[in-house]
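A short write-up of the structure that comes next.
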Amino acid sequence: NVSIPDAEGVFDATFWRAHPRFIDRLRELFPAVTPGEDRLCMMIKLNMTFREITRMLNIDVKSVHTARARLKRKLPVDAEITIDQWIKQIDN
21 NVSIPDAEGV FDATFWRAHP RFIDRLRELF PAVTPGEDRL CMMIKLNMTF REITRMLNID
81 VKSVHTARAR LKRKLPVDAE ITIDQWIKQI DN
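Per the numbering used here, residue 21 is the first one in the sequence shown, and the count goes up by one each step.
What follows is the structure in structure tokens.
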């Protein structure tokens, strides 16, 4: 049975192998990013669905919608693109 910190460590390690510059680039573009916002951006970068994010963060779907909306307001995202598009272009 894997504890939550171990699961988070596995997620982080897997993500860093696939996208080693992502977090540094995200912080360069968005210096005020919090650890929770880091995590949400990582999940969006991996094309995780709302349901997958709810399971990973142990929150409900409404909370995911709220977190994404708050994040979009904070990010320097052009109105013409979605938060997903903005995040996915980082480190490509």
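For each residue, glycine too, the CB sits at the ideal point set by N, CA and C. In this text the structure is predicted, and so the values were computed from the model without any measurement.
In the same chain as residue 72, and ignoring 5 residues on each side of it, the C-beta atoms closer than 8 Å to its own belong to 63, in chain order. Excluding residues up to 5 positions away in sequence, 61, 64, 65 lie with their Cβ nearer than 6 Å to the Cβ of residue 107 in the same chain.
With a cutoff of 8 Å on beta-carbon distance, residue 32 and residue 46 are scored as not near each other. Setting aside the 5 residues that flank it on each side, residue 56 is surrounded in the same chain by 87, each with a C-beta closer than 8 Å to its C-beta; the list follows chain order.
Using a Cβ distance threshold of 8 Å, residue 92 and residue 103 count as a contacting pair. The alpha helix (DSSP H) runs of length 4 or more contained entirely in the segment 44-83 are, from start to end of the chain, 55-65, 70-77. Where residue 98 is concerned, there is no enclosing alpha helix (DSSP H), because DSSP gives it neither an H nor an E.
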